[in-house]
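Heads up, the thing below is written out as structure tokens.
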Amino acid sequence: MTQADRKRELKAAHRSNQILDAAKTVFVDADFSAVNVEDIASASGLSRATIYQYFASKQEIYTALLLRDLDGMIGGLKRSLIETDSVKNNLFRMTTAYMNFFQDHQEYFRTLSFFYLPGRKEALPPEAAEQVRAKLDEGIATIERAISLGIERQEARPVDARAATLSLWGQWMGCAYLAATGRISLYERTSEQVYANSIDIFLDGLLID
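Heads up, the final residue of the sequence shown is numbered 208 in numbering that gives the first Met the number 0, and it's a clean run with no missing numbers.
Below, the structure is given as structure tokens:
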């Protein structure tokens, strides 16, 4: 790749992120169905023609936003996995990474991921849904690897690593959505306390004394 090609790539990546940053503010403030490309163009300070150079539709912009946020979350999980460390330490770091992602991106759980919620008429197009599923699978595989290593080293009971992973993932998502909707306060707990309690209880059942 020539220096000129590299500069073009960097410029394109910068412009794409500029559009996504603007789109996020629009999607957070309005229902998906009410947003149009003109709104995103106005928020970004770019023309509609420029927007369409990078994204074919509003749906494509929305999907790119989901994938970008998921990249951040999955990246945090992957960085938390140190294969030479204990399963306890790895899962604590992963729980912290997920909690930090939630605290920094509460709009993801409140607004951007509404397609996941039950009872909605809207759904992601099949291709977009597959892209999101593939990203989520990367995160789930990272957690499963940590648990599998713990089982191999006899730090953890010989449970079904996949089942344990999905159980922990479900706890994390439940905590995030409870906090995002303000329901955790009903139980007189902060989100940090709920995450800490959930991982402690999970590890009590997983680890070998």
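C-beta: ideal position from N, C-alpha, C; glycine also.
Under the three-pair Cβ rule at 8 Å, the stretch 90–110 counts as touching the stretch 17–32. Counting C-beta atoms within 10 angstroms of its own C-beta, Y194 has 16 or more neighbours from the protein chains shown and is therefore classed as buried. Here L206 carries a strand assignment [DSSP, helix/strand/coil].
For the stretch 88–161, the continuous alpha helix (DSSP H) assignments of 4+ residues that do not extend past its boundaries occur at 125–151, in sequence order. Nearest Cα to Q105 within the set S190, S46 and N196: S190. A Cβ-Cβ contact shorter than 8 Å links I207 with E154.
T164 is classed as buried because its beta carbon has at least 16 other beta carbons within 10 Å across all chains shown. For E82, there is no enclosing alpha helix (DSSP H), as DSSP marks it with neither H nor E. Leaving aside the five residues that flank S56 on each side, none in its chain has a CB nearer than 6 Å to its CB. Contact check between the stretch 167–182 and the stretch 56–69: fewer than three CB pairs, one atom from each, fall below 8 Å, which does not count as touching. Between the alpha carbons of F31 and S85 lies a distance of about 43 Å. Cα atoms of K87 and L202: separation of roughly 7 Å, rounded to the nearest angstrom. With respect to A40, I50 sits close: the two C-beta atoms are nearer than 8 Å. For Q130, the closest of R144, D70 and T95 by C-alpha to C-alpha distance is D70.
Around the Cβ of I198, a 10 Å sphere holds 16 or more other Cβ atoms; the residue is buried. Spatial neighbours of I142 in its own chain (CB-CB distance under 8 Å, excluding positions within 5 residues in sequence) are listed in chain order as L76, L90, M93, T164, L167 and W168. In the DSSP assignment, E37 falls within the unbroken alpha helix (DSSP H) covering V36 to S43. Counting only residues of its own chain and dropping the five nearest sequence neighbours on each side, A21 has a CB closer than 7 Å to the CB of I39, A42 and S43. It is roughly 49 Å from the alpha-carbon of A11 to the alpha-carbon of R156. Per DSSP, A29 lies in no alpha helix (DSSP H) segment and is marked neither H nor E.
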